[in-house]
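Numbering (the working numbering), first residue to last: 201 to 511. Cβ atoms here follow ideal geometry from the backbone N, Cα and C, with glycine treated the same way. Just so it is clear, the structure is predicted and the values come from calculations on it, not from any experiment. Let me begin by presenting the structure, written as structure tokens, before commenting on it.
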Ligand SMILES: [Ca+2]
Ligand SMILES: [Ca+2]
Ligand SMILES: [Ca+2]
């Protein structure tokens, strides 16, 4: 019987952290599955609960091995952490579990769990999307209540944690199967064109834009009626699944997320044309906000020598 042990960062076991048994040793069977390699990219803090600063940490287990703990790290709303730098390795296995916790040492009730994700290599194709919500069997395997199971193990994934209710964090990671030579490079280019402020939250906002967890523009001061063209142009390589967010910087360390555009690029997307997105928010922040972003997406050109051309 395999036991998951979740240890605290000092190596101890605390009451809130679970020691669980696999109910069924069959859950560890590996036939019919590909090896999958996971490279964690970014942990992004979207919404801290009450605290200005949180201390998230990750628990990662490969094929039912004891969980290793990474972190905690101090994070505020709007922060991104480069996990590839912090962890410095990839994880390889048939079933990789990543759980997110938030440390609350003084609160008696113990640390908070923000859900997790199982990444499972699978030989069966599951239709066009390659991303599949769980079957009963998957549910049984995913006994940490992790609800997302990825069966087509290559590409970039973005997972909201927890996966239901308020998003507190986003986890960005790359996967590849053992049949792939390398992790997939981004195959689209995003161009940010301009931002118009129709209604500022404050007298003057200090807005910035993040794409897939990275700040790519700003902060820039904007008031109601302001219009800014991105100059120089902002061109970024992106994946088919991409997150574009508009944030507003606040001195108290709790930046406001004005909105997110989750792009799902496929055959039905109109490439090259100008698109627009309204970011607005008036709940959960004081003062409403309304901004319009103009952007353009094109398929990334192939270059004979280096693969994909620069965006
Ligand atoms: Ca905390
Ligand atoms: Ca502000
Ligand atoms: Ca603000």
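Query raised in the report: Whose CA, out of 298, 243, 249, lies closest to the CA of residue 264?
Result: The residue given as residue 264 occupies position 64 in the chain shown. When each option's Cα is compared against that of residue 264, the closest is 298.
Requested in this report: Taking the CB atoms as reference points, tell me whether residue 497 and residue 388 lie closer together than 8 Å.
Outcome: Residue mapping note: residue 497 aligns to position 297 of the chain shown, counting from 1. Residue mapping note: residue 388 aligns to position 188 of the chain shown, counting from 1. The answer is yes: Cβ separation under 8 Å.
Query raised in the report: What do you reckon, is the C-beta of residue 448 under 7 Å from a heavy atom of ligand 3?
Result: Translated into the one-based positions of the chain shown, residue 448 becomes position 248. It does: the Cβ of residue 448 is within 7 Å (strictly closer) of some heavy atom of ligand 3.
Report task. With 8 Å as the threshold, decide whether the Cβ of residue 445 is near any Cβ in chain C. Result -> Absent here is chain C; the protein component of the structure consists of one chain.
Query raised in the report: Which whole-angstrom value describes the C-beta separation of residue 236 and residue 296, a residue pair presumed to lie in contact below a C-beta threshold of 8 Å?
Result: Locating residue 236 in the chain shown gives position 36, where the first residue counts as 1. Locating residue 296 in the chain shown gives position 96, where the first residue counts as 1. With a Cβ gap of about 7 Å, residue 236 and residue 296 count as contacting.
Query raised in the report: In its own chain, which residues sit with a C-beta less than 6 Å from the C-beta of residue 367, not counting the 5 before and 5 after it?
Result: If you number the chain shown from 1, residue 367 lands on position 167. Contacts found: 246, 360.
Query raised in the report: For the segment 390 to 409 against the segment 310 to 322, are there 3 or more C-beta pairs whose distance is under 8 Å?
Result: no
Query - Beta-bridge partners of residue 491, as assigned by DSSP - result: The count along the chain shown starts at 1 and reaches residue 491 at position 291. Residue 491 is bridged to 397, 479.
Query raised in the report: Cβ of residue 533 within 7 Å of any heavy atom in ligand 2?
Result: Here the chain has residues from 201 to 511 only, and residue 533 is not among them.
Requested in this report: Measure the C-alpha to C-alpha separation of residue 443 and residue 460 and round it to an integer number of angstroms.
Outcome: In the chain shown, residue 443 corresponds to position 243, counting from 1. In the chain shown, residue 460 corresponds to position 260, counting from 1. CA-to-CA, the gap between residue 443 and residue 460 works out to about 7 Å.
Query raised in the report: CB of residue 482 to nearest heavy atom of ligand 2: below 7 Å?
Result: Residue numbering aside, residue 482 sits at position 282 when the chain shown is read from its first letter. In this structure, residue 482 has its CB at a distance of at least 7 Å from all heavy atoms of ligand 2.
**Report entry** Range covered by the alpha helix (DSSP H) that runs through residue 243
**Finding:** Locating residue 243 in the chain shown gives position 43, counting from the first residue. Not the alpha helix (DSSP H): residue 243 falls in the beta strand (DSSP E), residues 236 to 245.
Requested in this report: Under 8 Å by Cβ, that's how I've got residue 441 and residue 500 pegged, so tell me the actual separation to the nearest angstrom.
Outcome: In the chain shown, residue 441 corresponds to position 241, counting from 1. In the chain shown, residue 500 corresponds to position 300, counting from 1. About 15 Å separates the two Cβ atoms, so there is no contact after all.
Requested in this report: Starting from residue 435, trace the alpha helix (DSSP H) both ways and give me its first and last residue.
Outcome: One-based indexing of the chain shown puts residue 435 at position 235. Premise fails: residue 435 lies in the beta strand (DSSP E), 427 to 438, not in any alpha helix (DSSP H).
**Report entry** Through-space distance from residue 273 to residue 347, alpha-carbon basis
**Finding:** Translated into positions along the chain shown, residue 347 becomes position 147. Translated into positions along the chain shown, residue 273 becomes position 73. Residue confidence for residue 347 is low, a pLDDT of 43 falling below 50, so the modelled location carries little weight and cannot support an answer.
Query raised in the report: Does DSSP put residue 267 in a helix, in a strand, or in coil?
Result: Position 67 of the chain shown holds residue 267. Coil, per DSSP.
Query - Minimum C-alpha distance to residue 475 - residue among 391, 413, 284 - result: The residue given as residue 475 occupies position 275 in the chain shown. Minimum Cα distance to residue 475 is reached at 391.
Query raised in the report: Does any heavy atom of ligand 3 sit closer than 7 Å to the C-beta of residue 402?
Result: Working through the chain shown from its first residue, we reach residue 402 at position 202. Result yes, Cβ under 7 Å from ligand 3.
Report task. Report the option in 488, 468, 493 whose CA atom is closest to the CA atom of residue 409. Result -> Here residue 409 refers to the residue found at position 209 when the chain shown is read from its first residue. Looking only at 488, 468, 493, the smallest Cα-Cα distance to residue 409 is reached by 493.
**Report entry** Three-way DSSP call (helix, strand, coil) for residue 509 in this model
**Finding:** The residue labelled residue 509 in the question sits at position 309 within the chain shown. Coil at residue 509, not helix or strand.
Requested in this report: Would you be able to state if there are at least three C-beta pairs under 8 Å between the segment 276 to 292 and the segment 417 to 425?
Outcome: no
Report task. Using the beta-carbon of each residue, find all residues closer than 6 Å to any heavy atom of ligand 1 and list them in chain order. Result -> Per the CB criterion, closer than 6 Å to any heavy atom of ligand 1, the qualifying residues run in chain order as 251, 254, 255, 302, 303, 304.
Query raised in the report: Which residues in the same chain as residue 315 place their Cβ atom closer than 6 Å to its Cβ, once the five residues preceding and following it in sequence are excluded?
Result: As a working note, residue 315 is residue 115 in the chain shown. Here the set comprises 361, 362, 363.
Requested in this report: Compute the minimum distance between the beta carbon of residue 456 and the heavy atoms of ligand 3, and state whether it is under 7 Å.
Outcome: Translated into the one-based positions of the chain shown, residue 456 becomes position 256. Yes, Cβ of residue 456 sits closer than 7 Å to a heavy atom of ligand 3.
Report task. In angstroms with no decimal places, state the Cα-to-Cα distance between residue 516 and residue 449. Result -> With the chain covering only 201 through 511, there is no way to say anything about residue 516.
Query raised in the report: Cα separation between residue 478 and residue 446?
Result: On the chain shown, position 278 is the one that residue 478 refers to. On the chain shown, position 246 is the one that residue 446 refers to. Going from the Cα of residue 478 to the Cα of residue 446 covers about 10 Å.
Query raised in the report: For ligand 2, is there a heavy atom less than 7 Å away from the beta-carbon of residue 405?
Result: One-based indexing of the chain shown puts residue 405 at position 205. Yes - ligand 2 has a heavy atom lying nearer than 7 Å to the Cβ of residue 405.
**Report entry** Among 502, 293, 378, 379, nearest to residue 437 - alpha-carbon criterion
**Finding:** In the chain shown, counting from the first residue as 1, residue 437 sits at position 237. Among 502, 293, 378, 379, the Cα nearest to that of residue 437 belongs to 502.
Query raised in the report: Do you know how far the Cα of residue 413 is from the Cα of residue 382?
Result: On the chain shown, position 182 is the one that residue 382 refers to. On the chain shown, position 213 is the one that residue 413 refers to. Each residue's alpha carbon lies about 22 Å from the other.
**Report entry** Distance, residue 380 Cα to residue 495 Cα
**Finding:** Taking the chain shown and counting its residues from 1, the one referred to as residue 495 is at position 295. Taking the chain shown and counting its residues from 1, the one referred to as residue 380 is at position 180. For residue 495 and residue 380, the distance between alpha carbons rounds to 32 Å.
Requested in this report: Could you have a look at residue 306 and say whether DSSP puts it in helix, strand or coil?
Outcome: Sequence index remark: in the chain shown, residue 306 carries index 106 (1-based). In the structure shown, residue 306 sits in a helix (DSSP, three-state: H, G or I).
Query raised in the report: What's the gap between the Cα of residue 294 and the Cα of residue 256?
Result: The residue labelled residue 294 in the question sits at position 94 within the chain shown. The residue labelled residue 256 in the question sits at position 56 within the chain shown. Cα-Cα distance, rounded: 26 Å.
Query raised in the report: From residue 491 to residue 439, what does the alpha carbon distance come to, in whole angstroms?
Result: Here the question's residue 491 lines up with position 291 in the chain shown. Here the question's residue 439 lines up with position 239 in the chain shown. Computed Cα separation, rounded: 24 Å.
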